[in-house]
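Chains as they are written, first to last, in full-length UniProt numbering: chain A, 1 to 255; chain B, 1 to 255.
Notes for the one structure printed next.
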């Protein structure tokens with residue numbers, strides 16, 4: 001079992017940022033500088049395709065969760081992403097995606113199969129990450145755990161959460177139902193799910209089918225007008241409130 | 001043109017509540033006790049079928065908007081509702097609805113036609129209400145105006161907003177698209193729309209069709225698991241944030 005090795009540390013505006021590795025995988029853990037009174041909830045995040053652990057979408061969401069709610073937030077680079085090596089298979093799939101895009105052909109079939117491949121590698125990495133984080137005294141095994149990943153983060157998150165009883169609330173969205181719908185049927189925890197109404201890659205029927213698949217008694221779907229990359233920033237605020245609601249910590253962030 | 005006549009006044013927890021009549025129609029206006037520096041936004045609400053202007057759903061939403069955002073909020077009894085007389089036609093339609101319910105037959109056809117009838121009466125009343133409210137010095141004609149109505153409130157609100165250029169943001173939801181979809185196609189202002197995923201009266205396809213009909217460039221759909229009457233209370237908080245976001249006033253309410 002891999003433990004977590006911190007490699008760098010900084011802080012600003014009340015948020016402590018610690019780089020780490022767990023095995024060969026680089027990650028980052030954001031925490032309140034002041035430390036919580038008891039075990040604080042932990043939100044695991046997964047970044048989108050082509051991005052990395054410190055993409056502004058990740059650090060921005062982390063700041064909302066840490067500064068607003070006092071939570072811990074952790075994310076690791078996905079296989080083939082960020083500071084991790086790309087295999088020949090990664091290179092071939094990325095080339096196939098760019099070729100489809102240039103030719104105006106559907107990206108879905110390539111993204112679905114490549115994300116499935118990456119998820120099979122990433123799920124055990126997330127399990128090891130959670131094990132290692134729960135070994136830290138400031139997190140421990142007693143706190144609540146959430147998961148937040150959109151796009152490729154959903155492709156990784158759904159199979160991870162389906163088999164991970166420690167996660168008790170999750171935010172997903174913007175993915176095709178192929179591969180994932182069967183896993184989503186095993187998920188019963190509260191879910192918030194984002195979908196773009198004018199997504200040029202994922203049809204409405206595909207997006208709704210994945211939302212519908214979750215077995216969760218409590219699930220919310222947030223649809224917004226706009227294309228695939230136009231998910232409104234207020235949905236990040238909404239996701240933070242979703243976690244705050246379920247993990248019973250008021251957020252201090254503005255509306 | 002009818003002016004507004006105040007008939008009673010009380011206040012609690014910073015919220016001033018004033019009963020009024022406009023013509024023969026009774027209503028209530030909630031405002032900040034302390035008064036705003038400039039013209040504050042006004043939210044017009046419409047209540048659901050079988051309810052009235054002071055139903056807890058109305059006063060609860062008003063409290064969030066007034067105490068949280070400093071807005072004015074007004075609602076009137078719909079025709080045949082609250083303190084207003086019921087006509088023989090009202091009695092017959094209510095009896096038809098109860099009979100359908102008792103027989104386990106679909107309520108939709110009756111509710112759609114009766115709400116359409118009520119909306120034709122209520123739309124000019126809302127227009128007169130807005131005229132009269134804008135004659136008040138503390139509201140005036142310079143402020144922003146929103147509309148918030150679910151169920152029957154949507155049946156009234158969509159035709160009202162479609163022809164009312166003074167309204168610049170609206171929250172609707174939970175209605176059949178019959179009658180309303182054509183009017184919704186004329187609406188271009190930002191919309192938040194609520195839909196219940198397991199509604200026993202309104203199918204998913206019907207709910208999505210009405211959301212889809214709005215011509216608004218910016219529109220959001222909030223779907224939640226649960227039956228018709230199980231709209232989560234956090235959607236009221238979300239609607240308040242929607243108005244606060246568009247009318248540029250921070251809300252102080254908790255998440």
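By construction, the Cβ of each residue, glycine as well, lies at the ideal position given by its N, Cα and C atoms.
- In the DSSP assignment, residue 176(A) is bridged to no other residue.
- Residues are counted here when their Cβ sits less than 7 Å from a Cβ of chain A; for the stretch 217-249 of chain B these are 217, 218, 219, 220, 221, 222, 223, 224, 225, 234, 241, 244, 245, given in chain order.
- Non-local beta-carbon contacts of residue 6(A) in its own chain, meaning distances under 6 Å to residues more than five positions away in sequence, involve 18, 20 in chain order.
- Taking a contact to require three or more Cβ pairs closer than 8 Å, the stretch 182-202 of chain B and the stretch 220-240 of chain B qualify as touching.
- Under a 10 Å Cβ-count criterion, residue 153(A) is classified as buried, with 16 or more other Cβ atoms of the shown protein chains found around its own Cβ.
- Residue pairing of residue 18(A) in beta bridges, as defined by DSSP: 9(A), 29(A).
- Around the C-beta of residue 177(A), 16 or more other C-beta atoms lie within 10 Å, and the residue is accordingly described as buried.
- Taken atom to atom, the span from the alpha-carbon of residue 112(A) to that of residue 106(A) is near 11 Å.
- Non-local C-beta neighbours of residue 179(B) in its own chain, meaning closer than 7 Å and more than five positions away in sequence, comprise 112, 116, ordered along the chain.
- Contacts with chain A at 9 Å (Cβ-Cβ) do not include residue 20(B).
- The continuous beta strand (DSSP E) containing residue 44(B) extends over residues 42-46.
- With fewer than 16 other Cβ atoms inside 10 Å of its own Cβ, residue 33(A) counts as exposed.
- The stretch 35-114 of chain B is shown to contain whole beta strand (DSSP E) runs of 3 or more residues at 42-46, 72-76, in chain order.
- Take the alpha-carbon of residue 48(A) and the one of residue 133(A): they are about 22 Å apart.
- Residue-level contact by beta carbon fails for residue 172(B) and chain A, as no gap is shorter than 9 Å.
- As computed with DSSP, residue 134(A) is found in no beta bridge at all.
- Residue 235(B): member of the alpha helix (DSSP H) spanning 234-246, first to last residue.
- Cβ neighbours of residue 160(B) within its own chain (closer than 6 Å, five residues either side excluded): 123, 126.
- CA-CA distance, residue 83(A) to residue 72(A), rounds to 22 Å.
- Each residue's CA atom was taken as its position, placing residue 142(B) and residue 165(B) some 13 Å apart.
- One alpha carbon belongs to residue 60(A), the other to residue 156(A), and they sit about 20 Å apart.
- Shortest Cα-Cα distance from residue 245(A) to any of 248(B), 233(B), 247(B), 245(B) involves 233(B).
- Its Cα nearest to that of residue 93(A), the residue 110(A) stands out among 69(A), 110(A), 101(A), 3(A).
- In the DSSP assignment, residue 221(B) falls within the unbroken beta strand (DSSP E) covering 219-224.
- In the structure shown, residue 142(B) falls within a coil segment according to DSSP collapsed to helix, strand and coil.
- Under DSSP, residue 194(B) forms a beta bridge with 173(B), 222(B).
- Take residue 213(B), set aside five residues on each side of it, and the residues of its chain with a beta-carbon closer than 8 Å to its own are 177, 180, 181, 182, 184, 185, in chain order.
- Per DSSP, reduced to three states, the secondary structure at residue 211(B) is helical.
- Within a 10 Å sphere around the beta-carbon of residue 98(B) sit fewer than 16 other beta-carbons, which makes this residue exposed.
- Under the three-state reduction of DSSP, residue 4(A) is assigned to strand.
- In the structure shown, residue 23(A) falls within a coil segment according to DSSP collapsed to helix, strand and coil.
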